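Anchor point for the sequence shown: position 59 equals 71 in the numbering used here, and the numbering is continuous, going up by one each time.
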Amino acid sequence: MNILNSREGFILSETYRDSLLPGVILFKSEESKSIEFYMMFIATGISTELSDIGYNDEFQNIYAKYESVNEMINRVEIKHNLNNLLTVNYSLFSLLIEYMRTNNIEYVVNKFNINIGDFIKISKEVSELSKKLFTLYDDIEFENIHKIFNNKLVMKSMI
């Protein structure tokens with residue numbers, strides 16, 4: 013798993029987010045990527061943490077893939093005597109998927125019991141990270157996500 017001097021290592025260094033490592037590894041190996049894959053990739057890179065938001069069982073497969081890669085990474089870290097294992101936060105995935113499906117801020121804020129300020133902060137980070145990933149991967153799905161979570165659009169929709 014030599015990624016330091018690879019494209020994957022470059023992506024991690026450009027985003028400054030170790031928590032993206034499972035997504036970076038899966039991006040390279042996944043043949044077909046669903047919108048849920050992209051949203052999970054981005055959700056794992058968001059630094060905002062809220063109380064644990066559960067996830068829908070329909071997404072069990074995507075969670076299992078990410079958890080499997082995370083466990084593999086941690087086994088490698090243990091093998092190399094690294095004390096700080098990688099922890100990945102998946103809690104925002106359900107919130108992001110719900111907003112993509114409904115495009116309704118008020119509904120999402122109420123459903124997940126968060127305040128509007130947290131939603132704006134999260135959407136801004138999603139927009140910035142997806143734009144950065146679009147630049148690095150040149151994958152249009154990241155650009156599409158950037159457009160959905162563009163902070164200016166989110167702010168306008170609240171007025």
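Built from N, CA and C at the ideal position, the CB exists for glycine as well.
Computed from a predicted model, the values in this text were never measured in an experiment.
query                                                                                                                                                                : result
Which residue marks the beginning of the alpha helix (DSSP H) containing N73, and which one marks its end?                                                           : Q72 to K91
Rank H158, K159, V120 and S142 by C-alpha distance to the C-alpha of E26 and give the top, closest one.                                                              : S142
Determine, using beta-carbon pairs with one atom in the stretch 92 to 107 and one in the stretch 29 to 44, whether at least three such pairs fall under 8 angstroms. : yes
Could you tell me which of F53, I58 and T60 sits nearest to K77, measuring between CA atoms?                                                                         : F53
Round the Cβ separation of L108 and V81 to the nearest angstrom and send it over; I've been treating them as touching at under 8 angstroms.                          : Actually they are not in contact, since the Cβ atoms of L108 and V81 sit about 19 angstroms apart, beyond 8 angstroms.
Leaving out five residues on either side along the sequence, give the residues of the same chain with a beta carbon under 8 angstroms from the beta carbon of V121.  : N127, I128 and F131
Comparing alpha-carbon positions, which option in T114, G66, V36 and G57 lies nearest F124?                                                                          : G66
Fully enclosed by the stretch 117 to 165, which alpha helix (DSSP H) runs are 4 residues long or longer?                                                             : 117 to 123, 128 to 149 and 152 to 160
Let me know the secondary structure DSSP gives Y102 once reduced to three states.                                                                                    : coil
So, are the CB atoms of F71 and F39 less than 9 angstroms apart?                                                                                                     : no
Consult DSSP for E42 and reduce its assignment to one of helix, strand or coil.                                                                                      : coil
Please state whether the Cβ-Cβ distance between I152 and F146 is less than 9 angstroms.                                                                              : yes
Indicate the three-state DSSP secondary structure (helix, strand or coil) for I65 in the structure shown.                                                            : coil
Measure the alpha-carbon distance for Y149 versus K159 and round it to whole angstroms.                                                                              : 16 angstroms
For the alpha helix (DSSP H) holding I47, just list the boundary residues, first then last.                                                                          : I47 to A55
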